[in-house]
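The structure appears below as structure tokens.
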Amino acid sequence: MDSEDILGVVYVIDDDDAVRDSLQWLLEASRYRVIGFDSAEKFLAGHDPEAIAVAIIDVRMPGMSGLELQDELIARKVSYPVIFITGHGDVPMAVSTMKKGAVDFIEKPFDQAALKALVERMLGEARTRAAENENRKLSEALMAKLTAREQQVLERIVAGRLNKQIADDLGISIKTVEAHRANIMDKLNASTVADLMRTVLAGGGLRQ
Amino acid sequence: MSAPPSPPSPPLPPDAVQLAFDRMARAQSHRFEFARFVPLIAIALVVALIAGIAYLLVNEDRALQRDALHRDTDTLAQSLSLRLQAISEATNALARDALNTDRAERRFLGTARDAMLAKPEVVHIALVDKSARVAWSVASPGPLGEAVRAPNTQLTSERIVAAIDNAREAHSSFFSPTYDDPTGSAGPDNGGPFTDLVAPVFVDDVYMGAVLARVSLPELLRRSVAPDVALRYRVSLLTDAGNTLASTTASETPADALVYVVPIYLLPDGVMLETSAFRVRSPLLKSGLAWVVAGLTLAVLITLVALVRRDARQAKVERKLRAETSFRRAMEDSLATGLAVIDRLGVLRHVNAAFCQMTGWQEADLVGHSAPFPYWPPGQFAEHRTSLNALLKGEAPSSGFELKVLRSDGSLFDARMYGSPLLSDDGEQLGWMIAMADITEPKRISEQLEAAHERFTTVLQSLDDAVSVVAPGMSAGLSDELLFANRGYRTLYGADALGHQRLQETLAAHGSGIAGEAYDGTLKRWFDVRTREIRWVDGRDVRLQIATDISDRKATEEIVRQQQEKVALTSRLMTMGEMASSLAHELNQPLTAISNYSLGTVSRLRDGNVTAADLLPALEKTAGQAQRAGNIIRRIREFVKRAEPRRRPTPANRIVEDAIGFAEIEAAKKQIAIHTQVPADLPPLNVDPILIEQLLLNLLKNAIDAMANATTRRIDLVVRRLDDMAEFSVIDHGCGIPSEHRDSLFQPFFSTKSDGMGMGLNICRSIVEFHQGRLLLEENPEGGTIFRFTLPLATAASVDENARHSDAKQSNGL
């Protein structure tokens, strides 16, 4: 990953060539890396789902609309924040899109400062999310190493149960509990319970 | 049209019932009754007796007659024989004395004459010598005498000669065989047949000759038969061959007459004497007593015949009566209806078997009693009495009385009793005939039916739907008959078939005529109508119609439709808005692009380190976008320009003609006439003719639509001059515009019409006002609406104005 990738990429999806091209020009003046697509389909085919990115999507497009694209990204579990370009404000649309996780709207013609701030914010979020994702994946991988019994024990540790209680719950000896505990700590690279907690939380909670 | 004559009906089969009774009656009457035969036997005996007596008497009579006959005949024969004997003696005497004396001839002749006088039947005496030559002859002095056998004539007849020989040989006299002697003057009627008595003359035993005495047999007979005998009998002398020699009468002996024959020995040839009795009335029959007896017998016979006939007639009548009576009794007894006869005073005189059976009372309980009768239930006396009184007064209704009847076992049943006068053969009223029928069962059934009917009626009547059954009139002119209508129908349409028909016609006009929705213009309601052909109770094909009032539903539907219209309208608006917004969006694109390019360029310039070459593409693109925007603007402007009115002087009548030309087609379709009035001297108008045509067309179409139900089917288009304007009036006689709509009439999208676009009047006003005119509407006092608008006339000044106006527009780059 190069520095630009770490910074993030801005995808611009708009069927109007002039608007897309000019927006790219504008954003590149702020030294963003911009990749443009003239249709939602092409974007889906050509984007990097893993990248830290923000998508600026025109709401009104022939073929797959901007809103449909958002749905598609959610379905594909792509976590980009989305900025919608609208020609006119539409409150119901805004509410529904916001609920789904899009972050903001921006009207044409664009206020440069506002646009930049927004992009910046979005990319920050993207980065955050990416990091979170990363953590989660790690945690998940770690947690996957646990056996079922170990998961049961971990569950109770996270719940704040004492070893004795855990032993009683599971019908095993304290010694066994302590042994499990040691194994868990080891597997999850945790030295303290706090670490354990963090790992568990990052993994999105325990799988039930 | 006459039907062909039907073939003669076959003879009816014989009345089997009547025949059966006849047979039975006949069988009964054939019983052997001895008594019937007694008179017959008696009569027969009497008749036989009388006949026997009569027969005996007749027989006796005949016997007597026969005896008499015999007796008389014997007597007669005797007398005949005596006479013959006498003659014989006389002749013998003559023969003895013939040659004995002197003057023998004279004495002979004289004696002969005397003898013949005594015995006229001797007609001739002659003496013949031994060679049969006549010596002396003398005829009788009587009428029969004839001078035959003249002396000296030779007797040649062999018979006579033989007789003479016989006599000579026998030395005694003989009668010769009989003979006829046609010779002689009298011919056959000379007294024959004769017989000769031949007496031989012997002198000292020497044959000297013979004396012949010719005897006339008829005369002999005449003389022998006494007159009274001759009256009683037919006496004849016959030969043994049966030939009549002589007879007292000329008449023949009938075959059945009593006859007696006696031979006369003296005479030769077996001559016989026959006597037959004349039929003599039996003294018996002459007897008055016999007549009386006969008469009585006859009377008895007649009486007998009459008796027998009467008897037969009686028996026949009796048979018929018996048959008839049995028949009637059988009828009466086999009736299920009870019959009773009440006399004029109200006394029960007769009941039939069924009556007794139905009521359980015996005849003895009923007959001879008067009201109250045993079959009157104690609690119902009043009703029974009332009906009885009515009956006795002759006021019984033909449908009878319905009463409760008490049986002998105490149970009750419902009965219907009918009364009718009982008349004798000659029309005299003898009393009353009551028929009683047990109606318990029919009553129960009728009550059940009524209950069922009521249930059915309740259901039907409580339906809100209008149910009606109509029989179509058989021929034109006969109205349809309403056979049934429930309350729902009657409430709507009353009691005739018109409502039904109206709905039917509407249905037929708009569809299949079997089912569908129909609007009743009279009631102003919508109905869902279903019809069906059914067969009515009397066999006719009739139409059942069920009409459900769906006016509410229709109203709701109408509201829904109107709302849908509004939605459509709204969407039209939206489209317009969308069009505008899309236009706005279109413009926004290049604008955004320009903004982006510019801002980007500025940013880069501020940051520094950019070359002109870096910036050039962006700036060029900017310019391009500006052009793009310009094009969009141009397009809008062109669009606007196309709708821009173009005014020029136009004659009013041309506008009017063109507008009418379009409107007339629609007007003609709706039978509306458009009348125009345009002053011939009106100067041309300074207008955009296309716009004014559109305006007029719009107003005319509105007028036509308003007059859909008008009676006066005429639209007037009147033009007149008002100073330097022309005033147009479109006058319709339609439904007019209600006051509540008047205010909103010119609002865009407003319409009272179901298919109205609602843009018409607003645009009309815009057009008029663009031309510096005014558009007003007012109420037509004759009903309807008048739209008036004014348009400017073309003056030289206004034409210049037009030119300048359009130039200015062009120069403004609009």
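First to last, the protein sequences are chains A and B.
Under our numbering, think of the first position of the first sequence as 5, with each following residue one higher.
Under our numbering, think of the first position of the second sequence as 314, with each following residue one higher.
Where is the CB? At the ideal position from N, CA and C, for every residue including glycine.
Quiz prompt | Test: residue 924/B CB closer than 8 Å to a CB of chain A | solution = Residue mapping note: residue 924/B aligns to position 611 of the second sequence, counting from 1. No, residue 924/B does not count as interfacial toward chain A.
Self-check item: Rounded C-alpha distance that separates residue 180/A from residue 170/A
Solution: What you label residue 180/A is simply residue 176 of the first sequence in a count that begins at 1. What you label residue 170/A is simply residue 166 of the first sequence in a count that begins at 1. Their backbone Cα atoms lie some 10 Å apart in a straight line.
Self-check item: Cβ contact check for the stretch 517-531 of chain B and the stretch 550-566 of chain B: 3 or more pairs under 8 Å
Solution: In this structure the stretch 517-531 of chain B touches the stretch 550-566 of chain B; the number of beta carbon pairs closer than 8 Å is three or more.
Exercise. Report the neighbours of residue 1024/B on chain A: residues whose CB is nearer than 7 Å to its CB, in chain order.
Key: Against the second sequence, residue 1024/B aligns to sequence position 711. The contacting residues do not exist; residue 1024/B stays about 54 Å from chain A at best.
Quiz item: Excluding the five sequence neighbours on either side, which residues of its own chain have a C-beta within less than 6 Å of the C-beta of residue 863/B, listed in chain order?
Solution: For the purposes of this step, residue 863/B is taken as residue 550 along the second sequence, with counting starting at 1. 839, 841, listed in sequence order.
Practice problem: Keeping to the same chain, check which residues put their C-beta closer than 7 Å to that of residue 404/B; ignore five residues upstream and five downstream. | Solution: What you label residue 404/B is simply residue 91 of the second sequence in a count that begins at 1. Closer than 7 Å at the Cβ level, and outside the excluded window around residue 404/B, lie 486, 510, 512, 524, 526.
Practice problem: Please list the residues of the stretch 106-131 of chain A that have a C-beta atom closer than 8 Å to any C-beta atom in chain B, keeping them in chain order. | Solution: Under the 8 Å Cβ criterion, the stretch 106-131 of chain A contributes 112, 113, 114, 116.
Quiz item: Where does residue 82/A fall in DSSP's three states?
Solution: Translated into positions along the first sequence, residue 82/A becomes position 78. Note: residue 82/A maps to coil in three-state DSSP.
Self-check item: Where the beta strand (DSSP E) through residue 815/B begins and ends
Solution: Translated into positions along the second sequence, residue 815/B becomes position 502. DSSP places residue 815/B outside any beta strand (DSSP E); the residue lies instead in the alpha helix (DSSP H), whose first and last residues are 811-823.
Quiz item: Pairing CB atoms from the stretch 752-767 of chain B with CB atoms from the stretch 718-728 of chain B, are three or more of them under 8 Å?
Solution: yes
Exercise. Would you mind giving the Cβ-Cβ distance between residue 721/B and residue 681/B, rounded to the nearest angstrom? I have them listed as a contact below 8 Å.
Key: Working through the second sequence from its first residue, we reach residue 721/B at position 408. Working through the second sequence from its first residue, we reach residue 681/B at position 368. Their Cβ separation, rounded to whole angstroms, is 17 Å, which puts residue 721/B and residue 681/B out of contact at 8 Å.
Practice problem: Taking residue 456/B as the reference, give the member of 432/B, 439/B, 378/B, 449/B with the closest Cα. | Solution: Position 143 of the second sequence holds residue 456/B. The shortest Cα separation from residue 456/B among 432/B, 439/B, 378/B, 449/B belongs to 432/B.
Quiz item: Contact check, residue 615/B vs residue 390/B under 8 Å by CB: the rounded distance?
Solution: Numbered from 1 along the second sequence, position 302 holds the residue referred to as residue 615/B. Numbered from 1 along the second sequence, position 77 holds the residue referred to as residue 390/B. Not confirmed; about 51 Å, so no contact.
Quiz prompt | Beta-carbon proximity list for residue 178/A, same chain, < 7 Å, skipping 5 on both sides | solution = Taking the first sequence and counting its residues from 1, the one referred to as residue 178/A is at position 174. Correct list, in chain order: 167, 168, 171.
Quiz item: Is DSSP giving residue 745/B helix, strand or coil here?
Solution: The residue you call residue 745/B lines up with position 432 of the second sequence. Strand at residue 745/B.
Quiz item: For residue 337/B, which three-state DSSP category applies?
Solution: Taking the second sequence and counting its residues from 1, the one referred to as residue 337/B is at position 24. It is helical.
Quiz item: Is residue 1034/B near residue 1090/B, with beta carbons less than 8 Å apart?
Solution: Residue numbering aside, residue 1034/B sits at position 721 when the second sequence is read from its first letter. Residue numbering aside, residue 1090/B sits at position 777 when the second sequence is read from its first letter. Contact flag unset, no.
Quiz item: For residue 867/B, which three-state DSSP category applies?
Solution: Numbered from its first residue, the second sequence carries residue 867/B at position 554. In the structure shown, residue 867/B sits in a helix (DSSP, three-state: H, G or I).
Self-check item: Residue interval of the alpha helix (DSSP H) (run including residue 703/B)
Solution: Residue 703/B sits at position 390 when you count from the first residue of the second sequence. It spans 694-705 - the alpha helix (DSSP H) in which residue 703/B sits, taken as one unbroken run.
Quiz item: residue 716/B: which of 702/B, 705/B, 696/B sits nearest, CA to CA?
Solution: As a position in the second sequence, residue 716/B is number 403, starting the count at 1. For residue 716/B, the nearest C-alpha among the options comes from 696/B.
Practice problem: Just mark residue 671/B as buried or exposed, buried being the case when its beta carbon has 16 or more other beta carbons within 10 Å. | Solution: The residue given as residue 671/B occupies position 358 in the second sequence. Looking at its Cβ environment, which holds 16 or more other Cβ atoms inside 10 Å, residue 671/B is buried.
Quiz prompt | Residues sharing a beta bridge with residue 1098/B, DSSP | solution = Counting from one through the second sequence, the residue named residue 1098/B turns up at place 785. DSSP lists 1092/B as partners of residue 1098/B.
Practice problem: Can you grab the Cα-Cα spacing for the pair residue 353/B / residue 635/B, in whole Å? | Solution: Residue numbering aside, residue 353/B sits at position 40 when the second sequence is read from its first letter. Residue numbering aside, residue 635/B sits at position 322 when the second sequence is read from its first letter. When rounded, the distance between both Cα atoms is 26 Å.
Quiz prompt | Nearest residue (CA-CA) to residue 41/A, options 131/A, 52/A, 203/A, 140/A | solution = Reading the first sequence from its first residue, position 37 is the one you call residue 41/A. Answer by Cα proximity: 52/A.
Quiz item: For residue 143/A and chain B, any beta-carbon pair shorter than 8 Å?
Solution: In the first sequence, counting from the first residue as 1, residue 143/A sits at position 139. It does not: the Cβ of residue 143/A has no partner Cβ on chain B nearer than 8 Å.
Quiz item: Are the beta-carbon atoms belonging to residue 780/B and residue 859/B less than 8 Å from one another?
Solution: Along the second sequence, one-based indexing puts residue 780/B at 467. Along the second sequence, one-based indexing puts residue 859/B at 546. Contact: yes.
Quiz prompt | Against chain A: residues of the stretch 932-950 of chain B by CB proximity under 9 Å | solution = Per Cβ criterion, the list reads 934, 935, 937, 938, 941.
Quiz item: With a cut-off of 8 Å, do at least 3 Cβ pairs link the stretch 578-593 of chain B to the stretch 608-624 of chain B?
Solution: no
Quiz item: Taking the Cβ atom as the reference point for each residue, do residue 972/B and residue 1017/B lie within a distance shorter than 8 Å?
Solution: Along the second sequence, one-based indexing puts residue 972/B at 659. Along the second sequence, one-based indexing puts residue 1017/B at 704. No.
Practice problem: Tell me whether residue 963/B is buried or exposed, calling it buried when 16 or more other Cβ atoms sit within 10 Å of its Cβ. | Solution: Start at 1 with the first residue of the second sequence, and residue 963/B comes out as number 650. It is buried - the Cβ of residue 963/B has at least 16 other Cβ atoms within 10 Å.
Practice problem: Would you tell me roughly how many angstroms separate the C-alpha atoms of residue 146/A and residue 196/A, rounded to the nearest one? | Solution: Walking along the first sequence from the start, residue 146/A turns up at place 142. Walking along the first sequence from the start, residue 196/A turns up at place 192. About 16 Å.
Self-check item: Environment of residue 1068/B [buried if 16+ CB atoms lie within 10 Å]
Solution: Taking the first residue of the second sequence as 1, we reach residue 1068/B at position 755. In this predicted model, residue 1068/B has a pLDDT of only 48, less than 50, meaning its place in the structure is not dependable; the value taken from the coordinates is given anyway. So residue 1068/B ends up on the exposed side.
Exercise. May I ask you to report which of helix, strand or coil DSSP gives residue 75/A?
Key: Here the question's residue 75/A lines up with position 71 in the first sequence. Three-state result, residue 75/A: helix.
Self-check item: Chain-ordered neighbours of residue 902/B on chain A, where CB pairs are closer than 7 Å
Solution: On the second sequence, position 589 is the one that residue 902/B refers to. Near residue 902/B (Cβ distances below 7 Å), the residues of chain A are 20, 22, 23.
Quiz item: What residues match up with residue 990/B in a beta bridge as DSSP calls it?
Solution: Reading the second sequence from its first residue, position 677 is the one you call residue 990/B. DSSP output for residue 990/B lists 1031/B as bridge partner(s).
Quiz item: Can you tell me where the beta strand (DSSP E) with residue 437/B in it begins and where it stops?
Solution: Residue 437/B sits at position 124 when you count from the first residue of the second sequence. Counting along the chain, the beta strand (DSSP E) containing residue 437/B begins and ends at 435-442.
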